[in-house]
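In terms of the numbering used here, the sequence shown opens at residue 1 and continues consecutively. Read the structure below first, then the notes.
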Amino acid sequence: MRSRRCLIIGLLTLIVGGCRTFPHVGQPAPVTNPIQVRANNYDLVWERTIDTLHEYQFAITKENRLSGEIETDYKTGAGLFEPWHYDAANPKERIEGTFQSLRRRILVHITQVEGGYMVSVEAFKELEDLPGRAANSASGATFQESEPLKRDLNLVVGQTAPSGWIFKGRDRALEHALLSDLVSNLQGR
1 MRSRRCLIIG
11 LLTLIVGGCR
21 TFPHVGQPAP
31 VTNPIQVRAN
41 NYDLVWERTI
51 DTLHEYQFAI
61 TKENRLSGEI
71 ETDYKTGAGL
81 FEPWHYDAAN
91 PKERIEGTFQ
101 SLRRRILVHI
111 TQVEGGYMVS
121 VEAFKELEDL
131 PGRAANSASG
141 ATFQESEPLK
151 RDLNLVVGQT
161 APSGWIFKGR
171 DRALEHALLS
181 DLVSNLQGR
């Protein structure tokens, strides 16, 4: 009964989320990474690349126009119940993000070549690795009626150790989705 209810909620989320839930399912993605962009204005390519990363809600941590590098901060992976986050580029990635704690970051390189620019995108995916159980419980920060009032205001202790992250490799689906959107942004949609 519970799994049926979860399935119905998941399907309703997909229906309500509309086509933007999986924006790249029906779109052809570029075959190669890097792609060559035919443009004569470096600033235009740079700004469109930043705009594309912002559409995916990635926060920029470093950008260096001289070396042509853009690096984003880590972003928590989207699940089925977050159709407004676009970092899960296909249904498989979105389902995985529902049941696992994931994070992604992007590294973009823009280099000038004859006839335009080469834009390469690297999307790195990591899986959270908790070393042990979290020490929090649902009632850890509430007062018990059966015990006298305690003046300890630090009842919530957090995790027993900091989270670790397991490198899962590159997220090719997200790379292709970003490159596809970048091409359409440069063409003026």
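Don't be surprised by glycine CBs; every beta carbon is placed ideally from N, CA and C. All values reported here derive from a predicted model rather than from experimental measurement.
Using 10 angstroms around the beta-carbon of residue 54, count the other beta-carbons present and answer buried if the total reaches 16, otherwise exposed.
exposed
Are there 16 or more other CB atoms within 10 angstroms of the CB of residue 106, so buried, or fewer, so exposed?
buried
Just checking, does the stretch 91-98 make contact with the stretch 110-124 on the three C-beta pairs under 8 Å criterion?
Flag = no, the stretch 91-98 and the stretch 110-124 do not touch.
Between residue 59 and the rest of its own chain, which residues show a CB-CB distance below 8 Å, the 5 nearest in sequence each way excluded?
72, 73, 75
Determine the extent of the alpha helix (DSSP H) in which residue 54 is found, giving its start and end residues.
It spans 42-55 - the alpha helix (DSSP H) in which residue 54 sits, taken as one unbroken run.
Beta carbon of residue 68, beta carbon of residue 110: below 8 Å?
yes
Measure from the alpha carbon of residue 276 to the alpha carbon of each residue in 180, 166, 45, then state which is nearest.
Summary: the structure shown does not reach residue 276, with the chain confined to residues 1 through 189, and so no result is reported for it.
Assuming residue 38 and residue 115 form a contact by the criterion Cβ under 8 Å, report the distance between their Cβ atoms to the nearest whole angstrom.
Sure, about 6 Å apart at Cβ, within 8 Å.
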